[in-house]
Each structure stands twice: as structure tokens, then as C-alpha cells.
Amino acid sequence: MPSLSAQKLIRKLRQRKHRWQEQLFVAEGPKLVQDLLDSGLKAHSIWSTVDFPEAEFIEPELLQKLSQLSTSNELIALFPFPDYKTQQLNRLLILDGINDPGNLGTLLRTADWFGFEKVICTNGTTDIYNAKAVQSTMGSLARLDIEYASIEEILSQYPEHQFLVADMEGQSFQEMESSQISKLALVMGSESHGPSQEWLQRAEKITIAKGSNSQIDSLNVGIAAGILMQHFAS
């Protein structure tokens, strides 16, 4: 059973400031925890209502009280922030003001799938260690080099990259040859507000053309990013 101090810590980690102070985040569910372990991340603590390697037992009622999700899982664990760093910087994903943690987690998982090993979040993007975001990544956050930075810091740190920002008024991405872009930084803005004006002014705009019979005015940011990352992955 988790001690009273451990229970207090788990509750504290509901808040971003405490997660960053402690450099710890909460992961729930056997599959997610196993994915994180398989990715080389060592758990700080694990408690489970069922048999699980190196886990201490926890009563289901207590797990439900400590869970940060609407439906509690069989297991809850604490992990340190990953310190994975990559030298593969040819394909960057930049997330500008992504507020929905579910979308953020999906974007990280999609970046992992298409080999975009470096993800940079602008300071207006929600916390990647939010419980819902962690759950949506399905372990990908342990395999990605992720950081938070301002737009100016990003532009100054990667002067050799070609910055492309997804926008409704841009050039069709299909007109661009991925093989001709040696260093790419793909910028995705929030669904509700789109990319910031600074990105629109300083990056090349690209768009995904919709079908001639389409009645919708936008794509989910995770779907749009997946289409673009697939095109520019190679």
C-alpha cells in the first residue's frame, strides 16, 4: 500500500507546478506502464490491484481515489521525467499553443510513429505530463526528445531548418517534395486559434486541400499533423 506521504505526492502531481518541481509524472494502466518500462524508463514507484512485476498492492477503493482519470485502471505508477536526447534533428515537430491534452498526446504518438524524434512545444502548449496527455501518448513520450521553448529560441537554435506552418491559406503540401528538404521543422497550431501570427509571418505556409464536396471547415490537428508527417517523414 502507498504510504500517506506517497498518497500526498500522487495528489500533488495533479498540478503542473508540482510535477515540474518533483520531476515526476503519473501513469495509469498496465499497458501504458509496461510501454514506458519497455522504452527504458525506470519507475519511481508502482502500485497495482493485480499481479504486476515490482508493484506493491493497492486497494481498488484507494486507487480510485488517487486516479487522475475519469475511469481508474488496475495500476498507478510514478515515473521520472524522461531525459531522452537525440542527435537526429532532420525532422522536428513544433507544437504551437496546443491546449487539449488528448490532442497533444496523439501528436506525440504520431511523431513517434513517423520518426519525428524531436518535439518542441511553445510556452502556450499544455503540459505533456498532464494525465490525459500521458495516457494518449501510450508510452511515446519516453522515446521522444521533448522540450518547451519560445518561438525566438526555436528560430535561433535551428537556423538551417526550413520552417513549414500548417495553415488554411497555404500552398498545398503535395506540391512540395520531401526529399528536397534536408532539415524540416513542421509547425502545428491550435485547432481553435490556428498558428500564432509570428509563425505565419516567419514560416512558409502549407495546407491540406479538402475534397470538392466537403462541408467541414477544418481537420482535427492530430489528423492534419499525421497527414503532413507521413508526407515529410522520408
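In this note's numbering, the protein residues as written are 109 to 342.
Glycine included, every Cβ here is placed at the ideal spot set by N, Cα and C.
In this text the structure is predicted, and so the values were computed from the model without any measurement.
1. What are the partner residues of Glu255, as DSSP defines its beta bridges?
2. In or out: Met109 buried (at least 16 other Cβ within 10 Å) or exposed?
3. Under DSSP, the alpha helix (DSSP H) around Thr234 begins and ends at which residues?
4. Please state the DSSP three-state secondary structure of Lys120.
5. Exposed or buried, Ala317, counting other C-beta atoms within 10 Å across all chains shown (16 or more means buried)?
6. Check whether the stretch 134-141 and the stretch 168-185 are in contact - that is, three or more C-beta pairs closer than 8 Å.
7. As an exercise, report each continuous alpha helix (DSSP H) stretch of at least 4 residues that is fully enclosed by the stretch 168-243, in chain order.
8. Would you kindly report the start and end of the unbroken beta strand (DSSP E) that includes Asp159?
9. Roughly how far, in whole angstroms, is the beta-carbon of Glu277 from the beta-carbon of Thr315, given that I think they are within contact range, below 8 Å?
10. Excluding sequence positions up to five away, which residues of its chain have a Cβ less than 6 Å from the Cβ of Gly210?
11. So Leu249 and Pro190 are in contact, right, with Cβ under 8 Å, and what is the actual spacing, rounded?
So, from the listed chains and residues:
1. Answer is Ile228.
2. Per the 10 Å Cβ criterion, exposed.
3. No alpha helix (DSSP H) holds Thr234; DSSP gives it neither H nor E.
4. The answer is helix: DSSP assigns Lys120 an H, G or I state.
5. With a threshold of 16 other beta carbon atoms within 10 Å, Ala317 falls short and is exposed.
6. Contact holds: three or more Cβ-Cβ distances are below 8 Å.
7. Taking 4 residues as the minimum length, the alpha helix (DSSP H) runs contained wholly in the stretch 168-243 are 168-174 and 209-222, in order along the chain.
8. For Asp159, there is no enclosing beta strand (DSSP E), as DSSP marks it with neither H nor E.
9. Confirmed, about 7 Å.
10. Once the five neighbours on either side are set aside, the close Cβ partners of Gly210 are Lys240 and Ser244.
11. Correct: roughly 6 Å between the Cβ atoms.
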